[in-house]
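Following this line, the structure appears as structure tokens:
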């Protein structure tokens with residue numbers, strides 16, 4: 176007598192809850208099916224399980240990456256806030272008090288005819304040191320929190336940065352900012368653009384051995400294009416792209432939703448090209 180169960184396959188009805196890694200079996204039931212259809216059914220079930228697990232993993236990684244970016248953004252904001260606080264403290268206390276010292280020194284010794292020529296020369300030398308110290312502190316405060324950025328905007332601040340760079344290094348700078356008067360980035364975007372240029376110029380000062388720098392900052396809807404190029408000794412871009420001095424710029428570019436590329440080779444200078452998404 177034929178066995179009626181011989182042409183039936185017993186399997187379980189399954190369902191998924193919100194966690195794709197948890198599979199629940201409702202009950203076992205008998206279905207008539209060929210071996211091929213059973214295999215296809217099982218393959219489909221496995222495919223669904225794998226896809227859901229992969230989707231869950233992708234979502235988890237994206238959330239983790241988003242959190243890392245958020246933490247990094249908070250760190251950059253904290254750094255800028257701390258720079259602002261230090262700059263205000265230096266300006267309101269140390270610089271104000273030091274600025275009065277050369278004047279008081281001149282009032283004390285400037286008209287004392289009993290001083291020898293050597294003593295006068297020494298006093299003038301000391302006075303010059305004090306004045307240079309005040310100038311250095313003012314420059315430091317300006318670098319920590321460029322006041323022109325609040326008062327005059329991004330273009331004027333970058334011009335001042337380039338002018339100071341020329342005075343301090345003797346390296347020529349050609350600055351092009353055509354059309355930037357048509358855009359008005361907020362302070363957060365402006366300070367990061369300023370810092371990127373500042374870091375690039377510092378790298379040129381320390382490493383490039385260049386005598387000319389080109390800085391170009393122009394709007395090109397829907398982007399702001401920033402290009403910094405020098406005619407220095409260059410470097411092997413593949414070897415140093417992860418170094419700290421490059422990594423800092425890359426992190427700031429990512430912070431303001433941009434893209435950075437660096438082209439360089441030994442003996443051929445360096446070109447940094449940055450594209451920032453920006454609504455004009």
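In the numbering used here, the protein residues as written are 176 to 455.
Backbone N, C-alpha and C fix where the C-beta goes; we use that ideal spot for every residue, glycine too.
CA-to-CA distance, residue j to residue i, given in whole angstroms
i, j, result
"residue 365", "residue 294", "50 Å"
"residue 292", "residue 411", "56 Å"
"residue 246", "residue 255", "14 Å"
"residue 300", "residue 308", "12 Å"
"residue 437", "residue 377", "16 Å"
"residue 243", "residue 249", "10 Å"
"residue 215", "residue 221", "10 Å"
"residue 296", "residue 315", "29 Å"
"residue 444", "residue 239", "38 Å"
"residue 257", "residue 263", "10 Å"
"residue 226", "residue 426", "33 Å"
"residue 233", "residue 429", "21 Å"
"residue 441", "residue 237", "38 Å"
"residue 439", "residue 261", "36 Å"
"residue 241", "residue 449", "22 Å"
"residue 251", "residue 368", "13 Å"
"residue 344", "residue 303", "21 Å"
"residue 382", "residue 253", "29 Å"
"residue 212", "residue 218", "10 Å"
"residue 231", "residue 224", "11 Å"
"residue 235", "residue 275", "59 Å"
Three-way DSSP call (helix, strand, coil) for residue i in this model
i, result
"residue 260", "helix"
"residue 308", "helix"
"residue 443", "coil"
"residue 201", "Only weak support is given to the placement of residue 201: the predicted model assigns it a pLDDT of 48, under 50, and the value that follows is read from those uncertain coordinates. Here residue 201 sits in strand by DSSP."
"residue 221", "helix"
"residue 228", "helix"
"residue 452", "strand"
"residue 346", "coil"
"residue 327", "coil"
8 Å CB neighbourhood of residue i in its chain, flanking five on each side removed
i, result
"residue 312", "265, 269, 270, 273"
"residue 323", "331, 332, 335"
"residue 362", "324, 325"
"residue 373", "318, 336"
"residue 433", "449, 450, 451, 452"
"residue 360", "329, 368, 399, 453"
CB contact flag (residue i, residue j, <8 Å)
i, j, result
"residue 431", "residue 447", "no"
"residue 388", "residue 346", "yes"
"residue 340", "residue 397", "no"
"residue 375", "residue 403", "yes"
"residue 392", "residue 424", "no"
"residue 394", "residue 370", "no"
"residue 320", "residue 259", "yes"
"residue 379", "residue 405", "yes"
"residue 401", "residue 451", "yes"
"residue 350", "residue 337", "yes"
Sequence-distant residues of its chain with Cβ nearer than 6 Å to residue i (five each side left out)
i, result
"residue 408", "384"
"residue 306", "277"
"residue 353", "393"
Residues near residue i in its chain [Cβ-Cβ closer than 7 Å; skip 5 each side]
i, result
"residue 348", "337, 340, 341, 388, 390"
Completely contained beta strand (DSSP E) runs for the stretch 354-433, where each covers 3 or more residues: Listed in chain order, the beta strand (DSSP E) elements of length 3 or more contained wholly in the stretch 354-433 are 387-395, 398-405.
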